[in-house]
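Trainee:
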Amino acid sequence: MRMYDVIKKKRDGGVLSSEEIRAFVEGYTDGSIPDYQAAALCMAIYFRGMNDEETTELTLAVRDSGEKLDVSGIKGLRVDKHSTGGVGDKTSLVVAPIVASLGLTVAKMSGRGLGHTGGTVDKLEAIPGFCTDLAVSEFERIVNETGIAIVGQSATLAPADKKLYALRDVTATVDSMPLIASSIMGKKLAADDDCIVLDVKTGSGSFMKSVEDSRTLAKLMVAIGKRAGKRISALITDMDRPLGYAVGNSLEVVEAIETLQGKGPEDLLELSLALAAQILFLADKGTLEECRAMAQDAITSGKALDTFARMVAAQGGNADFIYHPENFAKAPYTREVKVTESGYIASVDTEKYGLASLLLGAGRNTKEDEIDLSAGYLLKKKTGDAVKAGDTLAVLYASREDLFDAAERTLLNATTITADAPEKRPLIFETI
Ligand code: URA
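Residue numbering for the sequence shown follows our numbering, beginning at 393 and increasing consecutively.
#1: For the ligand URA, is there any heavy atom lying closer than 8 Å to the beta carbon of residue 557?
#2: Just how far apart, CA to CA, sit residue 768 and residue 648?
#3: Taking three-plus beta-carbon pairs below 8 Å as touching, is the segment 585-605 in contact with the segment 477-496?
#4: What are the start and end residues of the beta strand (DSSP E) that includes residue 770?
#5: Going by alpha carbons, who is nearest to residue 418 out of 659, 551, 684 and 544?
#6: Output the distance between the C-alpha atoms of residue 725 and residue 783, rounded to the nearest integer angstrom.
#7: With respect to 8 Å, is the separation between the Cβ of residue 506 and the closest non-hydrogen atom of the ligand URA below this value?
#8: Indicate the three-state DSSP secondary structure (helix, strand or coil) for residue 736 in the structure shown.
#9: Is residue 785 near residue 804, with beta carbons less than 9 Å apart?
#10: Is residue 560 near the ligand URA, going by C-beta to nearest heavy atom under 8 Å?
#11: Within 10 angstroms of its Cβ, does residue 664 collect 16 or more other Cβ (buried), or is it exposed?
#12: CA-CA distance, residue 815 and residue 719?
#13: Assign residue 646 to buried or exposed, taking buried as 16 or more other Cβ atoms, counted over all protein chains shown, within 10 Å of its Cβ.
#14: Which class does residue 639 belong to by DSSP, given the choice of helix, strand or coil?
#15: Would you please state the rounded distance, in angstroms, between the beta carbons of residue 520 and residue 710? I believe it to be under 8 Å.
#16: Please list, in chain order, all residues of the same chain as residue 787 whose beta carbon is under 8 Å from its beta carbon, the five residues on each side excluded.
#17: Could you say which of 637, 456, 407 and 491 lies nearest to residue 700 if we only look at CA atoms?
#18: Which residue or residues does DSSP assign as beta-bridge partners of residue 474?
#19: So does residue 576 have its beta carbon nearer than 8 Å to some heavy atom of the ligand URA?
#20: Considering residue 809, what are the terminal residues of the beta strand (DSSP E) in which it resides?
#21: What residues in its chain sit with their C-beta under 8 Å from that of residue 517, if we drop five residues either side in the sequence?
#22: Since residue 628 and residue 473 are thought to touch, with beta carbons under 8 Å apart, how far apart are those beta carbons, to the nearest angstrom?
#23: Would you mind giving the Cβ-Cβ distance between residue 679 and residue 751, rounded to the nearest angstrom? I have them listed as a contact below 8 Å.
#24: Per the contact definition of three or more C-beta pairs closer than 8 Å, is the segment 734-750 in contact with the segment 526-539?
#25: Can you tell me whether residue 439 is helix, strand or coil according to DSSP?
#26: Check whether the Cβ atoms of residue 589 and residue 624 lie closer than 9 Å to each other.
#27: What's the call for residue 508, buried or exposed, on a 16-neighbour Cβ count within 10 Å?
Structure representation (structure tokens):
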């Protein structure tokens, strides 16, 4: 089979057979299919889409592209949460320690930044010494000792996704329903968790901009998970504005720690509790209300923070930073961005907000780019807030002053101020 013919078939709107899908995934994983042909096929899929059978086959091919995690050595009920990606979305850093502190096992494989969105692995690497690249045996050992470990996409588990993810990030092929579904579910099935909760984002900062598209994606992923015998559900949640106030890797870790200390922003706390409760519920820990109360107690008692610190230490990180987040290195330069009008922040283009963080150095433009873990910004005002001309919208952090102008322009252009207060959008739209 020639890759050229597979690309042409999809480009012209054809339905790929399971042999064609498997040959693509296997060939790209073993290096016999080059980046340029894989990128061309991703772009064809982006424009032409895939039916549910093709998407399921692609998911299973991604799952089968490497080893499946041998869970026989891992104790306890294995649970996971995965987001479709957003701006300021650091919930994994809050939810995973909460549920692990309540006796569930989190053996989590996370991603790096993708497009305008941040990634859990990049955030964790902002903790000095923290290692996200563990051998499977080491991963299993840490999970068994601490109940939790979070690693990057490995060369052995779902390696096809590791390569495709990095390729999509730099070829404008991220926001495609079949590519997102197969990427997320391929990884989740390879990790072979018992319970999976998906956080499917919706709004201007999400890869799915409308609630309808987010619902379709959520249903597709839940159906794939159920067919594979998983306990799985999805929350559709708001990404029409950043989550919390911090955007950028180390700034977000600090905000996640503050949330685990019970001092975090309301939206981040609310969503983290809802996701944790949903996981505990799937794991038969009680009613949803009971599970939410347990999650809240894990924060109030400090159990979740201690669990996070134990995981950090086990993965080689300096756990002192978890109890003293003020010690995280700050970027050398800051700039305050001020609004020029008075009124209310009616809406923000959250994708552009994500790009502003990339412009400060927090994301990649090519697969090989190093990111600046201290770059990003802290918002001072968000959608719905009243502002006066001259108020600070955000404080930018960067390692080079010449990066500020473009980021400042991007943030201001992405912010709409009107005379009247906007209607409030829900944080959680529905559960699938
Ligand atoms: N998260 C993933 O793991 N993959 C995607 O494609 C999007 C978000």
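We treat Cβ as the ideally placed atom computed from N, Cα and C, and that holds for glycine.
Mentor: Per the coordinate set shown:
#1: yes
#2: 15 Å
#3: yes
#4: 768-771
#5: 551
#6: 20 Å
#7: yes
#8: strand
#9: yes
#10: yes
#11: buried
#12: 39 Å
#13: buried
#14: strand
#15: 5 Å
#16: 726, 727, 728, 729, 769, 770 and 772
#17: 491
#18: 590
#19: yes
#20: 807-810
#21: 524, 641 and 765
#22: Contact doesn't hold; Cβ gap of about 14 Å is too wide.
#23: Contact doesn't hold; Cβ gap of about 45 Å is too wide.
#24: no
#25: helix
#26: yes
#27: buried
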